[in-house]
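What follows is a single structure, written as structure tokens, with notes after it.
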Amino acid sequence: MKVITVTGFKGGCGKSTTAINLATFLSERGKVLLVDGDPNRTALSWSQRGALPYRVADERQSFKWVAGNDFLVIDTPARPDSSDLQELAKGCDLLILPTLPDVVSLEPMLATAQALGEATYRVLLTIVPPPPSREGQQMQTDLQASGIPVFQTMIRRAAGFGKAALAGVSIREMTGRDRLPWQDYQALGKEILEVLADG
Ligand SMILES: Nc1ncnc2c1ncn2[C@@H]1O[C@H](COP(=O)(O)OP(=O)(O)OP(=O)(O)O)[C@@H](O)[C@H]1O
Ligand SMILES: [Mg+2]
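Numbering (the numbering used here), first residue to last: 27 to 225.
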């Protein structure tokens, strides 16, 4: 069983959206449990609104459902404390840090990287503005230049994500243009499977 934790310094950077959609991708490859470790219970209420193709468990009840899964995806609240991040990293196979491509997010990310050292983690650029904006690529280049592991895949900013959240489904279940960003989570999922295979 592989354990993937989604976390980060800041709120509202797409942690829960990433956990939900990544878990959907992984559910095409194996049995998935999404553990909602955020007291806001975003993922749980998402699943109660609609239908997700895997079980979502409150972290306080998750032990009951862990056995027999191929993937555990853990959604967490924002973790402003970097020593907290280190402890989290030890408990999983891959730590994903969703981040917006803006300068104010760069500094805390550099601090995070130092704290995490050699732990298996990757920064994921999310809510990336569409071309002609180059903010995503720019941030990716800056992070790479600082030696920070960042996913090649970036998650575009798209209205479909809000609609999917409202409906309580993953972006995979949307139609037409609203489904296009599913490609991003598919590409991310493939990258993640490679990282997990190497590790
Ligand atoms: N790629 C995207 N494009 C557009 N909107 C997005 C995208 N990803 C997330 N959002 C929206 O941004 C808001 C915050 O997303 P989300 O809840 O996933 O962030 P979070 O990091 O889990 O927040 P919190 O710290 O409150 O737990 C939501 O309204 C969500 O629908
Ligand atoms: Mg959240």
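In this text, a Cβ means the ideal position worked out from N, Cα and C, and glycines have one as well.
Selection from Glu144, Arg182, Ala171, Leu123 that minimises the alpha carbon distance to Pro162: For this step, residue 162 is matched to residue 136 along the sequence shown. Looking at the sequence shown, residue 162 is not Pro but Gly. Nearest of Glu144, Arg182, Ala171, Leu123 to Gly162, Cα basis: Arg182.
Within 8 Å, strictly: CB atoms of Val154 and Asn95: Residue mapping note: residue 154 aligns to position 128 of the sequence shown, counting from 1. Residue mapping note: residue 95 aligns to position 69 of the sequence shown, counting from 1. Their beta carbons are not under 8 Å apart, which means Val154 does not touch Asn95 by this criterion.
Out of curiosity, what's the CA-to-CA distance linking Val176 and Lys41? Numbered from its first residue, the sequence shown carries residue 176 at position 150. Numbered from its first residue, the sequence shown carries residue 41 at position 15. Here the C-alpha atom of Val176 lies approximately 15 Å from the C-alpha atom of Lys41.
With a threshold of 16 other CB atoms inside 10 Å of the CB of Phe187, please say whether the residue is buried or exposed. Reading the sequence shown from its first residue, position 161 is the one you call residue 187. Buried, by the Cβ-count rule.
Taking DSSP's pairing of strands, which residues face Leu121 in a bridge? For this step, residue 121 is matched to residue 95 along the sequence shown. Paired residues: Thr31, Tyr147.
Whose CA, out of Ala77, Leu70, Arg75, lies closest to the CA of Arg86? Residue 86 sits at position 60 when you count from the first residue of the sequence shown. Nearest C-alpha to Arg86: Leu70.
Three-way DSSP call (helix, strand, coil) for Val221 in this model: As a first step, residue 221 must be located in the sequence shown, where it is residue number 195. Residue state, collapsed to three classes: helix.
Given that a residue counts as buried once 16 or more other Cβ atoms are within 10 Å of its Cβ, and exposed if not, what is Leu114? Here residue 114 is taken as the residue at index 88 of the sequence shown, counted from 1. Within 10 angstroms of the beta-carbon of Leu114 lie 16 or more other beta-carbons, which makes it buried.
Looking only at its chain, what residues have a beta carbon closer than 8 Å to the beta carbon of Ala45, apart from the 5 residues adjacent to it on each side? Walking along the sequence shown from the start, residue 45 turns up at place 19. If we look at Ala45 and ignore the five residues flanking it on each side, its Cβ neighbours are Val32, Leu60, Ala69, Val99, Ile100, Asp101.
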